[in-house]
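To start, the structure under review is shown below, and the notes come after it.
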Amino acid sequence: MDEDPWAGLERSPSDQAFRGHLISAARPWELFRALSPAGNRVLFMVHDARSSPSGRLPAIAGIALSIRERLHDGKRILALRLEEGEYADIFAKFCDDIAETVAGASTEALAVRAIIDQAARWQALLRGARREVLGPQAQLGLIGELRLLLDTLAPMTGLHAAVGSWRGPSGYPKDFELPATCIECKARTASGKGTVRITSEDQLTDEPGHSLLLHVSTFACADSTVSGAVNLHGAVARVRKAVDLTAAFARSRLDEGLDTVGYDGAHSYDFWWLHVGTAWHEVRDGFPRIVPGMYPEGPSGLSYDLSLSSIRAHAVSDDRAGQLIRAGGRIA
Numbered sequence: 000m001d002e003d004p005w006a007g008l009e010r011s012p013s014d015q016a017f018r019g020h021l022i023s024a025a026r027p028w029e030l031f032r033a034l035s036p037a038g039n040r041v042l043f044m045v046h047d048a049r050s051s052p053s054g055r056l057p058a059i060a061g062i063a064l065s066i067r068e069r070l071h072d073g074k075r076i077l078a079l080r081l082e083e084g085e086y087a088d089i090f091a092k093f094c095d096d097i098a099e100t101v102a103g104a105s106t107e108a109l110a111v112r113a114i115i116d117q118a119a120r121w122q123a124l125l126r127g128a129r130r131e132v133l134g135p136q137a138q139l140g141l142i143g144e145l146r147l148l149l150d151t152l153a154p155m156t157g158l159h160a161a162v163g164s165w166r167g168p169s170g171y172p173k174d175f176e177l178p179a180t181c182i183e184c185k186a187r188t189a190s191g192k193g194t195v196r197i198t199s200e201d202q203l204t205d206e207p208g209h210s211l212l213l214h215v216s217t218f219a220c221a222d223s224t225v226s227g228a229v230n231l232h233g234a235v236a237r238v239r240k241a242v243d244l245t246a247a248f249a250r251s252r253l254d255e256g257l258d259t260v261g262y263d264g265a266h267s268y269d270f271w272w273l274h275v276g277t278a279w280h281e282v283r284d285g286f287p288r289i290v291p292g293m294y295p296e297g298p299s300g301l302s303y304d305l306s307l308s309s310i311r312a313h314a315v316s317d318d319r320a321g322q323l324i325r326a327g328g329r330i331a
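Residue numbering for the sequence shown follows numbering that gives the first Met the number 0, beginning at 0 and increasing consecutively.
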């Protein structure tokens, strides 16, 4: 480590009275570095009691995470204390990331939540719980689903209902299941073949009492400097921010889904894409597809490429798709 940001700090007189150095990069929020009485590195945030989380704090391996009330003014202190000195270099970088994230929070409550969320990232790193990084197509597919959830479904159904309709991570055959409409979501690159991959016979089978829509998003490979380009971290952060602001009760459901599909905030996702187009298709009689029971003697467990040119006749307008999503059922 080139420079220790805790170098030169005096040890705090007690764990109830941290003496810290304000991190200017995190302004306007009050984030500090400090040393505990025993010399442990500490990162803490002073905040109003109304911004504190109401639930129990997570147990974090290698970090003591705590909230206490400051007696002289009733404000709260959220503190992260590094318990193992051997991780000092990693902790310094980790705290820099927290400061950057906190600075971008629009409210004090979101800044506090950001610290706790980042602590979960530290836990994954320290426990060696890192998973295999999602490949480019898996990243793009997840970006497409999150974009559909936030930009299309949420304005029609409300964000809480949109998150609840995201059923693919739970093992359901369709990505989204609304009261009377199911949506299978596919994402493709503009430079790729004019096909989408159907990964099972169940993805395009009819569901009793439901309409079925196929949503295809097209993305162009882009550089991170291109306006509007997004990587997987950015797509996740955008949805989380919206949920925290307007549908906080859905946050655990969202995070559970992200975890199930293999998203890991500790991974690097270096592929960037720019959304360039969306097409809706209504899956009904005459739609080219393979469904369960079509081949009673086998084969089964099929996946196949579906040509976009073969389903062009089944394309529907945004208005038609919106009618099905809002009202449910098949609209004549």
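Glycine included, every Cβ here is placed at the ideal spot set by N, Cα and C.
Distance check for residue j and residue i, CA to CA, integer angstroms please.
i	j	result
D318	Y294	36 Å
M44	G38	18 Å
F93	R26	17 Å
E85	A91	12 Å
G134	G261	10 Å
A247	E200	35 Å
P4	A33	10 Å
R10	R239	37 Å
G276	L203	22 Å
T245	S316	29 Å
G297	A186	29 Å
D47	V101	15 Å
R129	L257	In this prediction, R129 has a pLDDT of 45, which is less than 50 and means its spatial position is unreliable; what the coordinates show is noted afterwards. Distance between the alpha carbons of R129 and L257 is about 14 Å.
L141	G285	29 Å
S65	C184	41 Å
P12	S35	8 Å
L42	G143	36 Å
P172	L77	42 Å
E29	R325	44 Å
I310	E206	20 Å
R69	R55	19 Å
A24	D254	28 Å
I89	D95	10 Å
G61	I115	14 Å
A392	D243	Residue 392 lies beyond the range of the chain shown here (0 to 331); nothing can be said about it.
D72	S223	44 Å
Just tell me which of the options has its CA closest to the CA of residue i.
i	options	result
A160	S308, R252 and P27	R252
A241	G321, S190, K185 and L149	L149
S306	V195, G285 and S216	V195
P57	W121, I289, D47 and P36	W121
A228	R146, L109 and D304	R146
L231	D269, A219 and G292	D269
L139	I97, A219 and K173	A219
G321	E281, A137, A312 and D95	E281
H209	A104, L323, R250 and A110	L323
L8	A24, F31 and Q15	F31
A278	V162, A314, G61 and S299	A314
T271	Q15, V290, V162 and Q136	According to the sequence displayed, residue 271 carries Trp and not Thr. Of Q15, V290, V162 and Q136, the residue nearest in Cα terms is Q136.
Q15	V225, A312, V132 and K74	K74
A87	S53, V162 and A6	A6
P287	S308, V132 and D243	S308
R40	P291, S223 and R80	R80
A249	I97, G170, D72 and L158	L158
Rounded to whole angstroms, how far is the Cβ of residue i from the Cβ of residue j, which I believe are closer than 8 Å?
i	j	result
F175	L152	7 Å
L273	A221	4 Å
A236	T217	A236 to T217, Cβ: 23 Å. No contact.
Y360	I197	Since the first residue shown for the chain is 0 and the last is 331, residue 360 is missing from the structure and cannot be characterised.
E82	A63	6 Å
V132	H266	5 Å
If we count the other Cβ atoms within 10 Å of its Cβ and call it buried at 16 or more, is residue i buried or exposed?
i	result
T259	exposed
E99	exposed
T378	No information on residue 378 is available, as it lies outside the stretch 0 to 331 that the chain covers here.
R49	exposed
K192	exposed
R112	buried
Q117	buried
P349	Residue 349 lies beyond the range of the chain shown here (0 to 331); nothing can be said about it.
T106	exposed
T180	buried
G19	buried
L21	exposed
R67	exposed
A283	It is worth fixing the name first, because residue 283 is Arg in this sequence and not Ala. R283 comes out exposed.
H214	buried
S164	buried
A104	buried
A312	exposed
Kindly say whether residue i, judged by its beta-carbon, lies nearer than 7 Å to any beta-carbon of chain D.
i	result
S65	Checking the listed chains, one finds no chain D in this structure; it contains a single protein chain.
Counting only runs of 3+ residues fully inside the stretch 154–209, write out the beta strand (DSSP E) ranges in chain order.
180–188 and 194–197
For a minimum of 3 consecutive residues, which ranges assigned as the beta strand (DSSP E) are wholly contained in the stretch 7–89?
19–21, 29–34, 40–46, 62–68 and 75–81
Quick one: which unbroken alpha helix (DSSP H) runs of 4-plus residues sit fully inside the stretch 288–328? Chain order, please.
317–326
Can you list the alpha helix (DSSP H) stretches of 4 or more residues lying completely in the stretch 243–275, in chain order?
250–259
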